[in-house]
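Here the protein sequences line up with chains S and H, keeping their order.
Numbering (our numbering) for the first sequence: 82 to 340.
Numbering (our numbering) for the second sequence: 25 to 295.
Beta carbons: idealized from backbone N, C-alpha and C, even for Gly.
As the structure is a computational prediction, the values presented were derived from the model and not from experiment.
See below for the structure under consideration.
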Amino acid sequence: MNVLSRLTLRHILDKIGGLAMFSGRFFRSAFHPPFETKELIRQTYEVGVRSAGLVAIVGVVIGAVLTMQSRPTMIKFGAEAFIPGMVAVSVLRELSPVLISVIVAGRVSAGIGAELGSMRVTEQIDAMEVAALNPFNYLVVTRVLACMIALPLLTVYADFLALFGSYLVQSIEAGMSGSLFYHTVMSSIEFADFAPGVIKTIFFGFIMGIVGCYEGYNSEGGTEGVGRSATDAVVVSSLLIIIADVLAVKLTVFFFDVN
Amino acid sequence: MPEKDSTSSKKLIEVNNVSKAFGENHVLQGISLSISEGETLTVLGKSGAGKSVLLKIIVGLMEPDEGEVFYEGASITRAKEKELNTIRTNMGFLFQGGALFDSMTVGENLNKILEAHTDLSFEEREQRIRHSLQLVSLGDKLDEMPSSLSGGQKKRAGLARSIVLQPKLILYDEPTTGLDPITASSIAELILTLQTELKVASIVVTHDLPTAFTISDDAIVLDGGVKIYDGPVEGLSNSHHDHLDEFLNAAKLDRSRREKIIQKAKKEKIE
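The structure is reproduced here in structure tokens:
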């Protein structure tokens, strides 16, 4: 049973309320010692470096597939020259940030949910509490910050790889040279295509971290509860990321005057 | 048996009239107890009698619905997080499964606590860690991961972690549950040794009578959230309380009970 099959109004409100309070606690704790720098670095490595392989494959595929799919139509309209520019704008503005966020959320949120969930069930979180070790700072603050740091970096990395994937297709199918591809792309994108896409992933990173931690930290009901925490973490964080994206697009249009 | 003298020894923990309910289930109803420095108290009762909840309230992991808990006269129930954390550095807590942090080695588990609460140098910390592990006979497990330890070893390692800050009080949540009788009695022995060597007070929650008889002077018995016995452990067997008799009989090695149960089952089958 997952979140979607338990969708009662009360359950949704419970979750929203719980998440909001948990987020509030995060912001209060994030600026108060102890600052667990060592653990933050370890978690950033865990989220960032450990996701890099997955992100690389997804990145290349996004660029390559988008190029392959759009080629026939663009050629029909005599717009073959615009393919690199069109692909670049779509990838940087939307596809790479959102797809990477959702895919990384699947890996990271579930991982955090299951890890903290089993720590809760085996009383490790209670043990930290009793030993006055501030489990919230040690476990939650570090993981959420790690997601907020790693996800934008992963997105930039995926941006480059997606463009590389697009170039590969263009080079094989149309024999396009690297420098022509580069110049076509650079002349069709602006800062406002790149920056908002990266900035919004900081918020997506916050969502995936806080949802994973919330589900795990409040896990109950033994082993079954741990499984539920992991599933709910993925479902809720993916859903919230997509909803937040709609908001982010609106804000981008407002602040960056993109047309 | 040491004389109970509340005037000369300071009250370490005082539990005043504590009640706790989960919905309709009244787990604790007006429980009071106190313990002085160096004393040992066993809390007996069957599963679900509210023993673990009582421990969690004492250490501030749960809030009671009514009543209050004091540590050396300071309220734990109403303490702010910072005060509570200061109080907690004087307490050790042994969880049922040991609750070792499983992403760290046994040594790192102990070090994490020393690092957070003391200014000791690396060498001093290492010495303290080795000493604590030796006390529980796990001197050779310093670099092992918790997942490679047996159940009894996990509890001992958890105990080493509870004593590394040299607390005044250790709370034990079912220290012998789930262990074979030999390992269980070795844990009980260890608890008693630590009490004698380190002079710490202990509150031990258990349903294991042999352990209770080995380690403590005084016991209280909980049933249905109510205290039904409070006194020396020796008095348990002649208190003539129904539930208590049942509890004591269940722990006896008595072959005649077997016959009684079989007869009863057969009779029910015929009817």
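Simplified DSSP state of residue i, which is helix, strand or coil
i: L94 (chain S); result: helix
i: A239 (chain S); result: helix
i: Q190 (chain H); result: coil
i: M102 (chain S); result: helix
i: M257 (chain S); result: coil
i: M86 (chain H); result: coil
i: L342 (chain S); result: The structure shown does not extend to residue 342 (chain S), since chain S is modelled only from 82 to 340, so the question has no answer here.
i: F287 (chain S); result: helix
i: N299 (chain S); result: coil
i: A243 (chain H); result: strand
i: K44 (chain H); result: strand
i: M200 (chain S); result: helix
i: F158 (chain S); result: coil
i: H231 (chain H); result: coil
i: A213 (chain S); result: coil
i: S280 (chain H); result: helix
i: I143 (chain S); result: helix
i: A123 (chain H); result: coil
i: G74 (chain H); result: coil
i: G306 (chain S); result: helix
i: K34 (chain H); result: coil
i: S60 (chain H); result: strand
i: A103 (chain H); result: coil
Cβ-based burial, residue i [other Cβ within 10 Å; buried from 16]
i: T312 (chain S); result: buried
i: I294 (chain H); result: exposed
i: E283 (chain H); result: exposed
i: F146 (chain H); result: exposed
i: D164 (chain H); result: exposed
i: S178 (chain H); result: Position check: residue 178 (chain H) holds Lys in this sequence, whereas Ser was assumed. So K178 (chain H) ends up on the buried side.
i: Y263 (chain S); result: exposed
i: A98 (chain H); result: exposed
i: H113 (chain S); result: exposed
i: K80 (chain H); result: buried
i: P256 (chain H); result: exposed
i: I93 (chain S); result: exposed
i: S32 (chain H); result: Because the pLDDT of S32 (chain H) is 44, which lies under 50, any placement of that residue in the model is unreliable, and the question is left without a value.
i: V130 (chain S); result: exposed
i: G303 (chain S); result: exposed
i: L180 (chain S); result: buried
i: G182 (chain H); result: buried
i: K75 (chain H); result: buried
Proximity below 8 Å, CB of residue i to CB of residue j
i: F285 (chain S); j: I322 (chain S); result: yes
i: S43 (chain H); j: L52 (chain H); result: yes
i: V342 (chain H); j: L189 (chain H); result: With chain H running from 25 to 295 in the structure shown, residue 342 (chain H) is simply not present.
i: T148 (chain S); j: V250 (chain S); result: yes
i: D247 (chain H); j: H264 (chain H); result: no
i: G290 (chain S); j: A314 (chain S); result: no
i: L157 (chain H); j: L144 (chain H); result: no
i: A243 (chain H); j: L68 (chain H); result: yes
i: F125 (chain H); j: K136 (chain H); result: yes
i: T66 (chain H); j: V224 (chain H); result: no
i: G91 (chain H); j: N40 (chain H); result: yes
i: T282 (chain S); j: L244 (chain S); result: no
i: A374 (chain S); j: G140 (chain S); result: Any property of residue 374 (chain S) remains undetermined from this structure, which presents chain S solely from 82 to 340.
i: G194 (chain S); j: G293 (chain S); result: yes
i: A123 (chain H); j: V160 (chain H); result: no
Range of the contiguous alpha helix (DSSP H) that encloses residue i
i: I211 (chain H); result: P205 to L222
i: D164 (chain H); result: Neither: D164 (chain H) is in no alpha helix (DSSP H) and is coded neither H nor E.
Continuous beta strand (DSSP E) stretch holding residue i: start and end
i: F117 (chain H); result: M115 to L118
i: H113 (chain S); result: Looking at the DSSP string, H113 (chain S) is not in any beta strand (DSSP E), and its letter there is neither H nor E.
i: Y253 (chain H); result: V250 to P256
i: I122 (chain S); result: Per DSSP, I122 (chain S) belongs to no beta strand (DSSP E); it is in the alpha helix (DSSP H), T118 to G129.
TODO: Quick one: which residues of the segment 247-268 of chain H get their C-beta closer than 9 Å to a C-beta of chain S? List them in chain order.
DONE: Correct list: empty, as no residue qualifies.
Open item on the list: To be precise: take each residue of the segment 179-208 of chain S, compare its Cβ to all Cβ atoms of chain H, and keep it if any distance is under 7 Å. Which residues remain?
Closed with: T203, E204, Q205, D207 and A208
Task: Against chain H: residues of the segment 211-225 of chain S by CB proximity under 7 Å - done: V211, A212, A213 and L214
Open item on the list: Please list, in chain order, the residues of the segment 107-139 of chain H that have any C-beta partner in chain S closer than 9 Å.
Closed with: L108, N109, T110, I111, R112, T113, M115, G116, F117, F119, Q120, G121, G122, A123, L124, F125, D126, S127, K136 and I137
Task: Against chain S: residues of the segment 80-104 of chain H by CB proximity under 7 Å - done: Along the segment 80-104 of chain H, going in chain order, the ones with a CB nearer than 7 Å to a CB of chain S are V83 and L85.
Open item on the list: For the segment 218-247 of chain H, list every residue whose C-beta sits within 9 Å of some C-beta in chain S, in sequence order.
Closed with: none
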